[in-house]
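First residue of the sequence shown? That's 141 in the numbering used here, and the numbers climb one at a time after it.
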Amino acid sequence: MGGFGSSRPVLRRELVDDGRPAHSVEDGEGRSCLGGRLLVVARAGIFRHNLFVPSETFIRAQAGALSRYSPTFIARRAITDRPEGVDAVALSSRVGTVGDALYGMTGTSRALNRLVAEQNLDIVHAHFGPDGLYAVGAVKSAKVPLVVTLHGRDVTVSKQALIATRRPMAVNYALRRLSLGTHAELLICVSDQIRQSALALGLPENKLLTHYIGVDTELFAVAPWPRPPQIIHVARLVEKKGTADLISAFAAVAGKHSDATLRIIGDGPLMESLVAQVATLGLTDRVVFLGRQSEEAVRREIGASRIFALPSVTAANGDREGLPIALVEAMSLGTAVVSTRHSGIPEAVSTDTVGILVAEHDVDGLAASLDHLLGDEVAARALGLAAAAHVASNFDLVKQTQKLESLYDSAR
């Protein structure tokens, strides 16, 4: 399967003098050579039930920016879209349907325990609370520390709402969520607001800390201006993304800005109702649903747009954002951001010089913000360039991942 137990060389990254990672080659003993020096490389397992899904590119990006830890990805489900050059193993190839069902109901799996042990890891980093809970047995068996990143819904959706889904994993997580505080060495929160939510649940304050994931500011460098009066919305089409509010706000300004368009990237359970909303408003020729797109296409679309709009809201079941990475990527690309005062978003859009925020479900305020930026490209450009500088100073992926590695060190 590859992994860290392999004797073959593994391509990885080391820090060079300017603090940016450069590639080096690691031998099978966990050592790497850069400029004639032999360096000891610690090994981190990155655990997620479903890996490499389009809406979670931040997991791979963060792991790829590690410099002192060599990552291997561990998935519960089959990996259907493995990126080139990535070390990854999957539990699904080792268990049958019954074993997988038992794992879903109990959170324990001998096969996972063996899989993790075989990787000879120094630490396991699970993304999302349920994944962290399901990794507990394996890390205890392998005697390695566990850190868990809490992203949003894992601490904002209520116990009652989780149980109401009747899905075994959700029910199990609802009943055992607080045990994360006992078994994880660190609980990393993607925003201060998520940390507050975790505290309110009863997770231990001494294990909760805020760490911003960051974005690759070289890959997401400022795109050229001028730009057409185009609005881009990148989101999984679920309630908390506020897509219906955005469509309503665009409808309010579309008549005034006859050359403006709204382009929507993403898929999800609300697609059908959103397409119907656009048709009812008579905007079929002005609102384009692009569906899922490649990372490169998403980056290109954001960089070609004047406005990135993400009017996030709190869903009926309590689901909230953590800190949407797509929004920070848009800021890095120099695209003017219009969003809401929701969860961790004000921690990135911290002043009105780097973006515009309105209240949740404030369609009139959202429409006014779109109207302003569609009608004033100079203002939109100034907002976007200030946002890019802000991200470079505060959300650079390499710098943030160096901080993450220090957290790994403290957990070991």
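Glycine included, each C-beta is placed from N, C-alpha and C at the ideal position. Quantities reported herein were computed from a predicted structural model and do not represent experimental measurements.
Residue from the options whose Cα sits closest to the Cα of residue i
| i | options | result |
| --- | --- | --- |
| N553 | I186, A449, V226 and L510 | Nothing about residue 553 can be reported from this structure: the residues present for the chain run from 141 to 552 only. |
| I214 | Y274, A340, S195 and H397 | Y274 |
| L410 | L423, A384, A228 and G474 | A384 |
| K283 | A324, S298 and L523 | A324 |
| S232 | L467, D332 and S249 | S249 |
| E196 | P368, G495, A466 and V498 | A466 |
| I387 | P464, S398 and V415 | V415 |
| I303 | N346, M245 and L286 | M245 |
| A455 | V297, T541 and M471 | V297 |
| L523 | A470, G204 and R217 | A470 |
| V477 | L463, I496 and G484 | I496 |
| G354 | H530, L402 and R552 | H530 |
| D536 | Y352, V311 and T305 | Y352 |
Reduced DSSP category for residue i - H, G, I as helix; E, B as strand; rest coil
| i | result |
| --- | --- |
| V554 | Only positions 141 to 552 of the chain appear in this structure, which leaves residue 554 out of reach. |
| P308 | helix |
| I353 | coil |
| A361 | coil |
| F198 | helix |
| V427 | strand |
| D221 | coil |
| A340 | helix |
Cβ shell of residue i (< 8 Å), same chain only, five flanking positions each side left out
| i | result |
| --- | --- |
| G342 | L318 and G321 |
Exposed unless 16 or more other CB atoms sit within 10 angstroms - verdict on residue i
| i | result |
| --- | --- |
| L315 | exposed |
| S490 | exposed |
| S546 | exposed |
| E461 | buried |
| K381 | buried |
| G474 | buried |
| P366 | exposed |
| R293 | buried |
| T220 | exposed |
| G168 | With a pLDDT of 49 at G168, under the threshold of 50, the modelled position of this residue cannot be trusted, and the question is left open. |
| A340 | exposed |
| V552 | The sequence as given places Arg at residue 552; Val does not occur at that position. Exposed: under 16 other Cβ atoms inside 10 Å. |
| P364 | exposed |
Enclosing alpha helix (DSSP H) for residue i [first to last residue]
| i | result |
| --- | --- |
| Q433 | No alpha helix (DSSP H) contains Q433, which DSSP labels as neither H nor E. |
| V193 | Premise fails: V193 is in no alpha helix (DSSP H) and is neither H nor E. |
Beta carbon proximity, residue i to chain C, threshold 8 Å
| i | result |
| --- | --- |
| L377 | Protein chains in the displayed structure number just one, and chain C is not present. |
Cβ neighbours of residue i in the same chain (closer than 6 Å, five flanking residues each side left out)
| i | result |
| --- | --- |
| P194 | R432 |
| A278 | L252, N253 and V256 |
| A182 | Y209 and D262 |
| A400 | P369 and L514 |
| H267 | R188, I199 and T289 |
| L525 | G474 |
Limits of the unbroken beta strand (DSSP E) element including residue i
| i | result |
| --- | --- |
| I263 | I263 to H267 |
| R403 | T401 to I405 |
| P211 | Y209 to A215 |
| L377 | Note, L377: premise wrong, no beta strand (DSSP E); not H, not E. |
Beta-carbon contacts of residue i that lie in its chain and below 7 Å, excluding the five residues immediately before and after
| i | result |
| --- | --- |
| G408 | R376, L377 and V378 |
| A301 | N457 and G458 |
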